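Numbering (our numbering), first residue to last: 3 to 301.
For glycine and all other residues, C-beta sits at the position ideal for the given N, C-alpha and C.
Keep in mind it's a predicted model, so treat the numbers as computed, not measured.
Listed below in structure tokens is the structure:
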């Protein structure tokens with residue numbers, strides 16, 4: 003296959019060691035996707051930034067459903083301005099060799115599965131750059147169930163799309179024209195969205211702040227770090243209100259005694275119930291290491 007090639011997708015995502023979808027994309031679990039909906043844009047951003055991922059987010063979007071969170075596995079699309087000879091080759095490959103029907107955008111939407119998010123580089127094209135309208139948005143919603151789209155380009159039928167429940171599109175502008183004068187050169191290949199790069203199978207997190215593309219192999223790390231921050235904040239706020247610790251103590255690495263206090267609270271407080279899957283051995287070891295360093299005599 004020329005488009006959506008399984009072997010190519012696997013070669014592009016070697017750090018993912020888990021299950022894959024039939025097309026080769028990393029299959030981040032539904033549990034991680036569900037938990038991802040509860041974290042903020044900044045919580046997802048921080049661990050990526052710390053690991054050198056400095057081009058994974060874009061904030062310059064309009065949205066069809068303000069306030070809704072978009073989460074899913076990326077299906078990437080790269081569109082380019084139409085050049086007749088190239089366009090004919092691409093159409094022949096897709097329709098005659100691979101059996102696709104309709105225009106390029108329909109090829110992609112017809113193959114979506116549950117939890118997918120379409121991520122489209124339409125080079126900020128609005129006039130004749132409307133990747134979806136009411137019909138194709140309905141198809142995306144039906145196939146993905148909880149998904150949507152991120153489009154560096156336009157949409158049409160905005161009023162119809164905005165009335166759809168449990169559906170979100172991040173887009174750049176609207177126009178009444180249909181899509182045209184463009185061709186698809188990439189389907190589940192690296193995709194540029196503004197200043198960001200998205201890979202097939204990335205976890206897409208879209209919030210009021212913008213869209214961030216989380217590499218599949220880091221998705222669980224991002225979620226766990228955010229959840230630990232949440233539950234530690236519950237404990238920290240309690241101890242600050244009671245005067246048990248100062249802000250300086252809460253904001254630095256916790257001592258072993260503080261970690262033991264936290265773990266006792268963690269086992270008893272009902273607010274920690276949904277976080278009981280978390281483990282804290284690494285944090286305890288870090289606290290011990292810090293105290294050993296502080297107590298070591300100066301040479």
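- Secondary structure at residue 129: strand, using DSSP grouped into helix, strand and coil.
- Taken through DSSP and simplified to helix, strand or coil, residue 239 comes out as helix.
- Within the same chain, Cβ atoms closer than 6 Å to the Cβ of residue 145 are found at 114, the five residues on either side in sequence being excluded.
- Taking C-alpha positions only, residue 298 is separated from residue 265 by approximately 26 Å.
- Setting aside the 5 residues that flank it on each side, residue 90 has no residue in the same chain whose C-beta is closer than 8 Å to its C-beta.
- In this chain, residue 20 is not harboured by any alpha helix (DSSP H), its DSSP state being neither H nor E.
- Residue environment for residue 59: buried (at least 16 other C-beta atoms within 10 angstroms of its C-beta).
- Sorting 277, 175, 121 and 165 by C-alpha distance to the C-alpha of residue 204 places 121 at the top.
- Nearest to residue 25 by C-alpha distance, out of 44, 4 and 61, is 4.
- If you draw a straight line from the Cα of residue 133 to the Cα of residue 11, it comes to about 23 Å.
- The way I'd put it, the segment 209-216 does touch the segment 57-71; three or more beta-carbon pairs between them come closer than 8 Å.
- With fewer than 16 neighbouring CB atoms inside 10 Å of its own CB, residue 269 falls in the exposed class.
- For residue 35, the enclosing alpha helix (DSSP H) stretches over residues 32-38.
- With 16 or more other Cβ atoms inside 10 Å of its own Cβ, residue 123 counts as buried.
- Here residue 126 is near residue 154, since their CB atoms are less than 7 Å apart.
- In the DSSP secondary-structure assignment, residue 175 is bridged to 156.
- Bounds of the alpha helix (DSSP H) holding residue 268 are 258-270.
- Just so you know, the alpha carbons of residue 109 and residue 139 end up roughly 14 Å apart.
- DSSP, read as helix, strand or coil, puts residue 64 in strand.
- Counting every other CB atom within 10 Å of its CB across the protein chains shown gives residue 28 a total of 16 or more, marking it as buried.
- For residue 86, the enclosing alpha helix (DSSP H) has its first and last residue at 86-94.
- Counting the other CB atoms within 10 Å of its CB gives residue 279 a total below 16, which places it among the exposed residues.
- Assigned with DSSP and collapsed to three states, residue 123 falls in strand.
- Going by beta carbons, residue 162 and residue 67 fall outside the 7 Å limit.
- Pairwise C-beta distances place the segment 212-228 in contact with the segment 29-37, as three or more of them are shorter than 8 Å.
- Its chain contains 116 as the residues whose beta carbon lies nearer than 6 Å to that of residue 147, once the 5 sequence neighbours on both sides are disregarded; these appear in chain order.
- In the DSSP annotation of this structure, the continuous segment of the alpha helix (DSSP H) that includes residue 43 starts and ends at 43-52.
- Each residue's CA atom was taken as its position, placing residue 254 and residue 43 some 23 Å apart.
- For residue 139, the uninterrupted alpha helix (DSSP H) run begins and ends at 136-146, by DSSP.
- Within the segment 195-237, the complete beta strand (DSSP E) segments of 3 residues or longer fall at 198-200, 205-209 and 212-216, listed in chain order.
- For residue 76, the uninterrupted beta strand (DSSP E) run begins and ends at 72-83, by DSSP.
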